[in-house]
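These notes concern the structure reproduced below.
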Amino acid sequence: MATKSNYGWLQGRTVKKGGNSSSNPHSRSITPQVQSTSSTIFGGGIKDPSGRTSEYFVRHFVLFFNLSMDDQCPVCKSDRYLNPKLRLLVSSCESCIDRLFTLGPAPCPICNKVLRKLAFSPQTFEDLGVEKEVAVRRRIAKEFNKRLEDFDNLRLYNDYLQDVEEIAFNLVNNIDLPATEARIAAYKAANAAITSLNIQREEAEALALKEQEELQRREREAQRELIDKLETSQKDAHKIVAKSRVAAAKRSSARAASSNANSGILGMAFGAEYTKLLKTRTTKANNNVPDVPHVPLQDDWYAYEDLYTVRAGGYDDFFSDAVRKDREGIMRAGGYRVEEAWNRALLSAVAGLDIMTAVWTSAQSQSKPLDVDVVMESV
Amino acid sequence: MPSVDNNASPPSTKKPLYEASTQFKNWRYSPDHLAHIRSTLNEAAVGVIRKTFEAYEPGSSSNVSFVTADEEHLLVTFYIHKIGQLCGHFRFPEEVEATAASYLKRFYLKNTVMDWHPKNVMLTALFLATKTTNNPISLDAYTSHIPNTIASDVLDLEFLVAQSLRFEFAVWHAHRALWGIWLDIQNLPNTPPDFAKTESAIYDSALTHVRAARLTDAEFIYTPSQIALACISLVAPDLANQWLESKENTPIPESRVDIPPRPSSTAISASLEAIRNMITNSGKVPHVEAVREVDKRLKLCKNPEKVVGTKAYLARKAEAEKKAEEKRNKKVEGQKANDRDPFGQELGEPAAKPGLVDYDDESDDE
Chain A
1 MATKSNYGWL QGRTVKKGGN SSSNPHSRSI TPQVQSTSST IFGGGIKDPS GRTSEYFVRH
61 FVLFFNLSMD DQCPVCKSDR YLNPKLRLLV SSCESCIDRL FTLGPAPCPI CNKVLRKLAF
121 SPQTFEDLGV EKEVAVRRRI AKEFNKRLED FDNLRLYNDY LQDVEEIAFN LVNNIDLPAT
181 EARIAAYKAA NAAITSLNIQ REEAEALALK EQEELQRRER EAQRELIDKL ETSQKDAHKI
241 VAKSRVAAAK RSSARAASSN ANSGILGMAF GAEYTKLLKT RTTKANNNVP DVPHVPLQDD
301 WYAYEDLYTV RAGGYDDFFS DAVRKDREGI MRAGGYRVEE AWNRALLSAV AGLDIMTAVW
361 TSAQSQSKPL DVDVVMESV
Chain B
1 MPSVDNNASP PSTKKPLYEA STQFKNWRYS PDHLAHIRST LNEAAVGVIR KTFEAYEPGS
61 SSNVSFVTAD EEHLLVTFYI HKIGQLCGHF RFPEEVEATA ASYLKRFYLK NTVMDWHPKN
121 VMLTALFLAT KTTNNPISLD AYTSHIPNTI ASDVLDLEFL VAQSLRFEFA VWHAHRALWG
181 IWLDIQNLPN TPPDFAKTES AIYDSALTHV RAARLTDAEF IYTPSQIALA CISLVAPDLA
241 NQWLESKENT PIPESRVDIP PRPSSTAISA SLEAIRNMIT NSGKVPHVEA VREVDKRLKL
301 CKNPEKVVGT KAYLARKAEA EKKAEEKRNK KVEGQKANDR DPFGQELGEP AAKPGLVDYD
361 DESDDE
């Protein structure tokens, strides 16, 4: 059972899909109706078209994966042969779990860790590694929800993201778990205010988004209604349009009033100010992190840059007349800049001015075979 | 072959950018060296072709008068001039013309006109230049404007040309340097503001000199800036001197210790003089009569292996095909040696195909 402790982190965390059914008297797997209830706590699984939950696992530790006849409950030893509708909840069958955990937290029959029934979460992904990572990230995202606005500069924010990623990685791969948990706890304590504030902000944003969508929907509906009315009614079209306009104006003014009332509590104005306050308080010490100056590419070539300057006012230049007078910039499409062409011309005007004629002695020809023959032969 | 004053400069000095160019590294020669290359190339080619003649018709080479290195050069020069005409016809920019001319010149430092006639290579060099200088033209448009030319005439030689150029397509041109000097002269303190308009004749005639320089070996021996300056000094010597002196006297910024010394006008005056002489003496289009005479003789002494339809050509082709065939066979054998179905042995039906063959055989027998 090397993987025993792998999923210990799931303790106390539930993804509840089916509602409160722990007390459901029908949730024993020996009774056939359990198979068809999707309201048990384990009921979030894949359903076939008839609405039945097909084979599906909730797990504590990874043990049984293959839906084969060999699957066996390690607790009561019943298997698929004896009970074809057996539902394995990874370490034990559903009935065992029901039996063991109905009276609240109880030790796991295999590893003796104290567990709750709620600790079993439904499986979404076939790969348990993915499942675990998703759960870890869900948990991490809840606590590490700082944003760029909460930091003074990008550098700090990136460091923070790096930390978060490290923690997530450690949790997923079981590296240094106690230390990592300690880190999380420390972070939690230090940033409780910002975390809760960000949660609020997220909620406010979600709410605002929802409202906006609702608004758009209503807007569309009104439009539709108006068109319908114009289609069907016998009344004067102008009157109908005017009426709908009045209604729209009423709606928008009501909306403005309500949003004003809300913004004081939930709106972004409050959040932003509060964050600003927090920010100045928490990161005052780090405020003056100097930006590393940009160092351009350095090489060992001398580009004659001091031998010429491109005249700031440009030149009286016949060749670039057309380009410079091109009002629409069609000729300059693609970023053509006449200054660069001038620069190149000036550079080649001064490049190699001082280079003397090559010196050649016939002795060199011996050491340097002509590649002439090579070309001739190769063809 | 770095120049003298570069050797003298301290090691911390940065190297000038021009010395990074392939033009400086691989296409810079002294006049003697050029002459040597051309004569040895000519000798080698004549030797090879003579052997080929003898191989197919013994004694036939004795009264062939092969073209000399100078005559080869004359022919090439003439076709550089032709490139200029073609570019005028196509309205290609100056850069294409200059690049194509450089390609043609460089090509004939590695090849001989007896193998590849410049009238064909010229077309390829020009087409290649349109591409390397980013002035592309479709092959159809290109060949349809040139009489008696089809696409394969241009493309067949393309790789050969590129290979002979060592795939070094970037060329530093004198006409660009001339433009740069012309712009920079406007920066001289005593230049009148309307100088470029009133004195544009200077630029125009300097440009004709640059074009004339294209017919000479100047670009193999001197740098583009020197050629451009010499061209200006042919028209307006004072102006050229003024500009050069201004460059010579540009103070080196105190913060810079890593730059080479300024160009010295006394040091390069000899080069400028030589370029001027070269342009006035040899910057001319060869006489058509002389070219025609060389061309007539070239027809007789072309490498028979490269002339379509001759015995030697056919023999060489047959040999090449034989070699290719051998190579293919070798490849097939090599494959057979480890010839196993990549998908493994067939399952179940072992001899499905042999069975078919047997069946055929039987029916044949009947």
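Same order as they appear, the protein sequences are chains A and B.
Just so we're aligned: the first sequence equals residues 1 to 379 in UniProt numbering.
Just so we're aligned: the second sequence equals residues 1 to 366 in UniProt numbering.
Glycine is no exception: its CB is placed at the ideal position from the N, C-alpha and C atoms.
All values derive from a computational prediction rather than experimental measurement.
With a cut-off of 8 Å on the beta carbons, I'd call residue i and residue j a contact; round off their distance for me.
i, j, result
"Asn120 of chain B", "Glu72 of chain B", "So it is not a contact: roughly 15 Å between Cβ atoms."
"Val294 of chain B", "Leu34 of chain B", "In fact, because the Cβ distance is near 19 Å, the residues do not count as touching under 8 Å."
"Ser244 of chain A", "Leu226 of chain A", "5 Å"
"Ala98 of chain B", "Leu126 of chain B", "About 11 Å separates the two Cβ atoms, so there is no contact after all."
"Ser102 of chain B", "Ala69 of chain B", "With a Cβ gap of about 20 Å, Ser102 of chain B and Ala69 of chain B do not count as contacting."
"Ala230 of chain B", "Leu272 of chain B", "5 Å"
"Tyr222 of chain B", "Ile275 of chain B", "6 Å"
"Val161 of chain B", "Phe107 of chain B", "6 Å"
Is there a Cβ of chain B sitting closer than 8 Å to that of residue i, yes or no?
i, result
"Tyr304 of chain A", "yes"
"Leu307 of chain A", "yes"
"Arg311 of chain A", "yes"
"Val295 of chain A", "no"
"Gly335 of chain A", "no"
"Ala351 of chain A", "yes"
"Val323 of chain A", "no"
"Asp300 of chain A", "yes"
"Val359 of chain A", "yes"
"Thr40 of chain A", "Annotation note: pLDDT 38 at Thr40 of chain A (below 50); position unreliable, coordinate value reported separately. It does not; no Cβ of chain B falls within 8 Å."
"Ala345 of chain A", "yes"
"Phe101 of chain A", "no"
"Tyr160 of chain A", "no"
"Asp326 of chain A", "no"
"Ile355 of chain A", "yes"
"Phe319 of chain A", "yes"
"Ser348 of chain A", "yes"
Less than 8 Å separating the beta-carbons of residue i and residue j?
i, j, result
"Trp172 of chain B", "Ser348 of chain A", "yes"
"Val76 of chain B", "Pro118 of chain B", "yes"
"Val310 of chain A", "Leu353 of chain A", "no"
"Val96 of chain B", "Ala44 of chain B", "no"
"Ala206 of chain B", "Leu244 of chain B", "no"
"Asp306 of chain A", "Ile259 of chain B", "yes"
"Glu143 of chain A", "Ile194 of chain A", "no"
"Thr124 of chain B", "Val154 of chain B", "yes"
"Ser21 of chain B", "Ala174 of chain B", "no"
"Ala236 of chain B", "Thr52 of chain B", "no"
"Ile80 of chain B", "Lys110 of chain B", "no"
"Asp321 of chain A", "Ala196 of chain B", "no"
"Arg28 of chain B", "Phe167 of chain B", "no"
"Ser246 of chain B", "Leu188 of chain B", "yes"
"Ala303 of chain A", "Ser225 of chain B", "no"
"His209 of chain B", "His145 of chain B", "no"
"Phe66 of chain B", "Asn135 of chain B", "no"
Cutting at 8 Å between CB atoms, please list the residues of its own chain near residue i, excluding the five before and the five after it.
i, result
"Gln335 of chain B", "none"
"Thr180 of chain A", "Ile167, Asn170 and Leu171"
"Ile150 of chain B", "Thr143"
"Ala212 of chain B", "Ile279, Gly283 and Lys284"
"Val359 of chain A", "none"
For residue i and chain A, any beta-carbon pair shorter than 8 Å?
i, result
"His33 of chain B", "yes"
"Arg28 of chain B", "yes"
"Gln85 of chain B", "no"
"Ser264 of chain B", "yes"
"Tyr103 of chain B", "no"
"Ala20 of chain B", "yes"
"Lys25 of chain B", "no"
"residue 367 of chain B", "Absent from the structure is residue 367 of chain B, since the part of chain B shown begins at 1 and ends at 366."
"Ile232 of chain B", "no"
"Leu272 of chain B", "no"
"Pro304 of chain B", "no"
"Thr208 of chain B", "no"
What residues in its chain sit with their C-beta under 6 Å from that of residue i, if we drop five residues either side in the sequence?
i, result
"Val323 of chain A", "Met331 and Val338"
"Asn303 of chain B", "Ile49, Met114 and Asp115"
"Thr361 of chain A", "none"
Please confirm whether any heavy atom of the ligand NAD lies closer than 7 Å to the CB of residue i.
i, result
"Tyr142 of chain B", "No copy of the ligand NAD appears in this structure; indeed no ligand is present at all."
Complete runs of the alpha helix (DSSP H) confined to the UniProt domain "MAT1 centre" (115 to 224) of chain A [at least 4 residues]: Segments of the alpha helix (DSSP H) lying fully in the UniProt domain "MAT1 centre" (115 to 224) of chain A: 128 to 143, 154 to 173 and 177 to 190.
Alpha helix (DSSP H) runs wholly inside the stretch 208 to 274 of chain B, at least 4 long, in chain order: Listed in chain order, they are 218 to 221, 224 to 235 and 237 to 248.
Sequence ranges, alpha helix (DSSP H) only - wholly within the stretch 48 to 125 of chain B, length at least 4: Listed in chain order, the complete alpha helix (DSSP H) runs (minimum 4 residues) inside the stretch 48 to 125 of chain B are 69 to 90 and 94 to 107.
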